[in-house]
Amino acid sequence: MSRIAYINGRYLPRSAAKVSVEDRGFQFADGVYEVCEVRGGRLIDERRHMARLDRSLNELRIARPMSPAALAIVLRETVRLNRVRDGIVYLQITRGEARRDFAFPPGGTTPSMVAMARSTDVVGLEQLAADGIAVVTVPDIRWSRVDIKSVALLPNVLAKQAARDRDAREAWLVDAHGRVTEGASSNAWIVSRDGKLITHPLGRDILAGITRSVVIDVLKVQGLAFEERAFSVEEAYAAREAFVTSASQTVLPVVSIDGRPVGNGAPGLVAGALRRDYHRHAEIA
Ligand code: PDD
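With the first letter of the sequence shown counted as 1, position 102 gets the number 103 in the numbering used here; the numbers rise by one all the way through.
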């Protein structure tokens, strides 16, 4: 089955779905994206992802290419045409195609929009969750507006490759004060020795993860102690548990940081429970 992508009004086989060499996403990374989990063929936490997309577009003054209702249809059609039951749907919007010039193109330039969907290896992901993942720390060298979900991801690419080179699955990004901001493509969490869940507060230095926000709702409902504050690499080394959150993986336990075992080196109970319960709390549309 050839895979299908949505591109600027058409559903095309992937091999025919091409963007222009003058697309501003290609030339300047002048665009934003979203990744939404698909489970049982349905979109998870779509409302929150679409709200974040709107915010990213507004912050960069990129026009919305279509109404929210039309966008919802495109996402579903992309999932359906690719026969994805469990996986992700990817959406990218750029400022469009225009003669190369740094400043914004003339008013009326149409934004480009692309959507793709793909299946997850569910068995592999469950095995990863059962085993736990290794993370390594690297300096956070990103720009100062990473709250915008822009496609400018080169520092994240380099961080992820640094993790790969050291046989780890994720990189944790460390700011100038020695504190973990977030993962290369996930939010970072620890559980302290006294059982408190800790994750970096929202601001311009992390992405406001949708999975993070759902997990916080769960913690509030269950009355679990949590703190939104920056934690240091040393605190992470000493933590009882650690985990990451992202739409494509929900909650994944971290069992080692820079080669040092977290807690007893096995996936933690808190991360396990949050993973198990996640979809009872997520919005399924
Ligand atoms: N990554 N932080 C960063 C830097 C991310 O790229 C992501 C998501 C997250 C988690 O956000 P959410 O819970 O909304 O997925 C945090 C996506 C999955 C990606 O780029 O593939």
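Every residue gets a Cβ at the ideal spot worked out from N, C-alpha and C, and that includes glycine.
(message) Can you tell me whether residue 117 is helix, strand or coil according to DSSP?
(response) Residue 117: strand per DSSP, three-state reduction.
(request) For the alpha helix (DSSP H) holding residue 208, just list the boundary residues, first then last. (result) Counting along the chain, residue 208 falls outside any alpha helix (DSSP H), and DSSP gives it neither H nor E.
(message) Can you tell me which residues form a DSSP beta bridge with residue 189?
(response) Answer is 245.
(message) Assuming the contact rule is C-beta atoms closer than 8 Å, residue 242 and residue 263 should be a hit. Round their C-beta distance to whole Å, please.
(response) About 6 Å separates the beta carbons of residue 242 and residue 263, which is inside the 8 Å limit, making them a contact pair.
(message) Taking only three categories from DSSP, how would you classify residue 79?
(response) In the three-state reduction of the DSSP assignment, residue 79 falls in the helix class.
(message) My output table needs one value for residue 32: the three-state DSSP class, helix, strand or coil.
(response) Three-state result, residue 32: strand.
(message) With a threshold of 8 Å, are at least 3 pairs of Cβ atoms found where one atom belongs to the segment 191 to 204 and the other to the segment 221 to 237?
(response) Three or more beta-carbon pairs drawn from the segment 191 to 204 and the segment 221 to 237 are found closer than 8 Å, and the two stretches are therefore classed as touching.
(request) Give a yes or no on whether 8 Å exceeds the smallest Cβ distance from residue 271 to chain C. (result) Considering every chain present, this structure includes no chain C. It has just one protein chain.
(request) Return helix, strand or coil for residue 183, following the three-state DSSP convention. (result) Residue 183 carries a strand assignment under DSSP once its states are collapsed to helix, strand and coil.
(request) Alpha carbon to alpha carbon, how far is residue 238 from residue 101? Give it in angstroms, no decimals. (result) Answer to the nearest angstrom: the Cα atoms are 47 Å apart.
(message) Give me the DSSP bridge partner(s) of residue 135.
(response) Looking at the DSSP output, residue 135 bridges to 257.
(request) Please name the residue or residues paired with residue 144 in a DSSP beta bridge. (result) Answer by DSSP bridge pairing: none, since residue 144 is not bridged.
(message) Looking at the strands, I want to know which residues DSSP matches up with residue 215.
(response) Per DSSP, none; premise fails for residue 215.
(message) Runs of 3 residues minimum, wholly inside the segment 49 to 109: which ones carry the beta strand (DSSP E) assignment?
(response) Correct list: 88 to 95.
(request) Give the DSSP-derived three-state secondary structure of residue 156 in the structure shown. (result) Note: residue 156 maps to helix in three-state DSSP.
(request) Tell me whether residue 208 counts as near ligand 1, meaning its Cβ is closer than 7 Å to at least one heavy atom of that ligand. (result) Distance from the C-beta of residue 208 to the nearest heavy atom of ligand 1 is below 7 Å.
(message) Please tell me whether, using a cut-off of 7 Å, the distance from the CB of residue 181 to the nearest non-hydrogen atom of ligand 1 is below it.
(response) Taking 7 Å as the cut-off, one finds no heavy atom of ligand 1 near enough to the beta carbon of residue 181.
(message) Going by the DSSP bridge assignment, what does residue 27 pair with across the sheet?
(response) In DSSP, residue 27 forms no bridge with anything.
(message) Taking 6 Å as the limit between beta carbons, can you name the residues of its chain near residue 91, skipping five residues before and five after?
(response) Within the same chain, 36 and 117 come within 6 Å of residue 91 by CB-CB distance, once the 5 residues on both sides are set aside.
(request) Thinking residue 135 and residue 257 are a contact (beta carbons under 8 Å), I'd like their distance in whole angstroms, please. (result) Under the criterion of beta carbons closer than 8 Å, residue 135 and residue 257 qualify as touching, at roughly 5 Å.
(message) Using CA atoms only, rank isn't needed, just tell me which of 30, 220, 261 and 189 is closest to residue 97.
(response) The shortest C-alpha separation from residue 97 is found at 30.
(message) Alpha carbons only, please: which of 112, 175, 176 and 158 is nearest the one belonging to residue 61?
(response) Looking at the Cα atoms, 112 is the closest of the given residues.
(request) Report whether the distance from the Cβ of residue 265 to the nearest heavy atom of ligand 1 is below 7 Å. (result) Outside the cutoff, so no.
(message) Can you determine whether any heavy atom of ligand 1 sits closer than 7 Å to the C-beta of residue 165, and answer yes or no?
(response) Checking every heavy atom of ligand 1 against the Cβ of residue 165, none is found closer than 7 Å.
(message) Considering only the alpha carbon of each residue, which of 95, 218, 70 and 245 lies closest to residue 152?
(response) For residue 152, the closest of 95, 218, 70 and 245 by C-alpha to C-alpha distance is 95.
(message) For residue 46 and residue 130, what's the separation of their Cα atoms in angstroms?
(response) Put simply, the backbone Cα of residue 46 is about 21 Å away from that of residue 130.
(request) Compute the minimum distance between the beta carbon of residue 121 and the heavy atoms of ligand 1, and state whether it is under 7 Å. (result) Judged by the Cβ position, residue 121 fails to qualify as a neighbour of ligand 1 at the 7 Å threshold, every heavy atom of the ligand being at least this far.
(message) Please tell me whether residue 139 and residue 172 are closer than 8 Å, where the distance is taken between their beta carbons.
(response) Against a cut-off of 8 Å, the Cβ pair of residue 172 and residue 139 comes out as a contact.
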